[in-house]
Amino acid sequence: MKKMIQTFIVLIMIMILLPVGVYAQGNVETQHPVSVVYEAVYAGMPVSGMEVRMYRISSMDETGELHVLEPYSEYASDLDIRGENDSAWQSMAEVMYQKILAGEYSVDVTGVTDENGIVTMGGMDKGLYLVCSDTCEINGYVYSSLPFFISLPDRNHEDNGWNYDVAVHAKIEQNPVVADYSVNKIWRDTGYENRRPSSITVSLICDGEPYGEPVTLPYEGHWSYTWRDLDTNHEWTVKEEIPEGYRSTVNREGSVYILTNTYMIETPATPDRIPNTGQLWWPVPVLLGIGLICIVIGIIRGRSDHA
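For the sequence shown, numbering that gives the first Met the number 0 assigns the number 0 to the initial residue and increments by one for each residue that follows.
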């Protein structure tokens, strides 16, 4: 009986130690270099000469936890890594990209695609990056890439480890050289409509600089406006004079920019940390195993007292 109990304890210890060995792989090697290979291909055609820009949004510690950097702290409560690859995640990438086009943030890493539509970038710090590109014209068409987030290193969910050399395939769009661009205004201020201004001023931004005269909305009775025959071989966006008490975001759907003004109601401050579902959980099986051992020891002692 005593040998059976000892064997049982040994088996419990093995069960405890095995998960520790697996989960320990989840730590990020802080000294390991990271790199990204960016590929731009449209309908089998490499898009060469496209300048790629990367903006570091968050740092990353040894556990994979992301910490929003100060220039982007206003997005800390909205940017949630648990939503990776869903529509909200992509929408936030577009919102931040429009801010960048308006000239509000500086680039961290740049590169240009070669004749194969590929560029390799390395030597950057670990963290979460927003990846975007400039437009380029080839054979009478303008090519551009939708912005997206990438984690460096990227988690390997198969073995709970990390990929330090990450390959990405950009989603490339093709557009004619000349197109119309529109802006639509949306208000999210139910119950506070009396705080809404009677009009707003919107400026068209070309390559980070104001283009033409600002437009006042509503225009001809509508909260929308269209600029005609613009050269798509440029980076266009819109920027408004934000009304007091509102927060403004810009989303792009094709050639339409949607300006959303949300009335800000005071809420308790939130921490500037992004949750990461890849955090380590090895203490859980360890504590569970210790509890089982205590139970076994208690049973043994109880039997000894009754012997």
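Heads up, the beta-carbon is just placed ideally off N, CA and C, and yes, glycines get one too.
Query	Result
For P70, which residues from the same chain have a beta carbon less than 7 Å from its beta carbon, with the 5 sequence-adjacent residues on both sides left out?	Y104
Is P196 helix, strand or coil by DSSP?	coil
In whole angstroms, what is the alpha-carbon distance linking Y54 and Y191?	35 Å
From this set, T225, Y142, Y140 and Y210, which residue's C-alpha is nearest V182's C-alpha?	T225
With a 10 Å radius around its C-beta and 16 neighbouring C-beta atoms as the bar for buried, classify E243 as buried or exposed.	exposed
Three or more C-beta pairs closer than 8 Å, one from the region 133 to 153 and one from the region 42 to 59: is that the case here?	yes
How would you call M59, buried or exposed, if buried means at least 16 neighbouring beta carbons within 10 angstroms?	buried
Within 10 Å of its beta-carbon, does Q30 have 16 or more other beta-carbons around it, so buried, or fewer, so exposed?	exposed
Is it right to say K170 is buried, meaning 16 or more other beta carbons lie within 10 angstroms of its own, or is it exposed?	exposed
Please name the residue in G25, W161 and M91 whose C-alpha comes closest to that of P32.	W161
Are the CB atoms of L129 and Y96 within a distance shorter than 8 Å?	yes
In the DSSP assignment, what are the bridge partners of W235?	C205
Rounding to the nearest angstrom, what Cα-Cα distance links P45 and V141 in this structure?	13 Å
Between H156, G116, S198 and D124, which lies nearest to I56 when the distance is taken from Cα to Cα?	D124
If I measure Cβ to Cβ from R187 and keep anything under 8 Å in the same chain, skipping five residues before and after, which residues do I get?	T259, N260, T261 and Y262
Hey, how far is the Cα of N250 from the Cα of A166?	26 Å
So, V176 versus I204, is the Cβ gap smaller than 8 Å?	no
Give the secondary structure of K170 by DSSP, where H, G and I count as helix, E and B as strand, and everything else as coil.	coil
Answer with buried or exposed for A42, where buried requires no fewer than 16 other C-beta atoms within 10 angstroms of its C-beta.	exposed
Kindly indicate which residue of E208, D158, I241 and E234 has the alpha-carbon position closest to the one of S198.	I241
Among the residues of its own chain, which have a CB less than 6 Å from the CB of P152, if the five just before and after it don't count?	V33, W161, N162 and Y163
With burial defined as no fewer than 16 other Cβ atoms inside 10 Å of the residue's Cβ, what is the status of P333: buried or exposed?	An answer regarding residue 333 cannot be provided, because it is not within the stretch 0 to 306 covered by the chain.
If you follow the alpha helix (DSSP H) that I149 is part of, which residue opens it and which one closes it?	First-last for I149: F147 to L151, but that is the beta strand (DSSP E), not the alpha helix (DSSP H).
What did DSSP end up calling P70 once you bin it into helix, strand or coil?	helix
If you compare alpha carbons, which of S143, G139 and H221 is closest to E38?	S143
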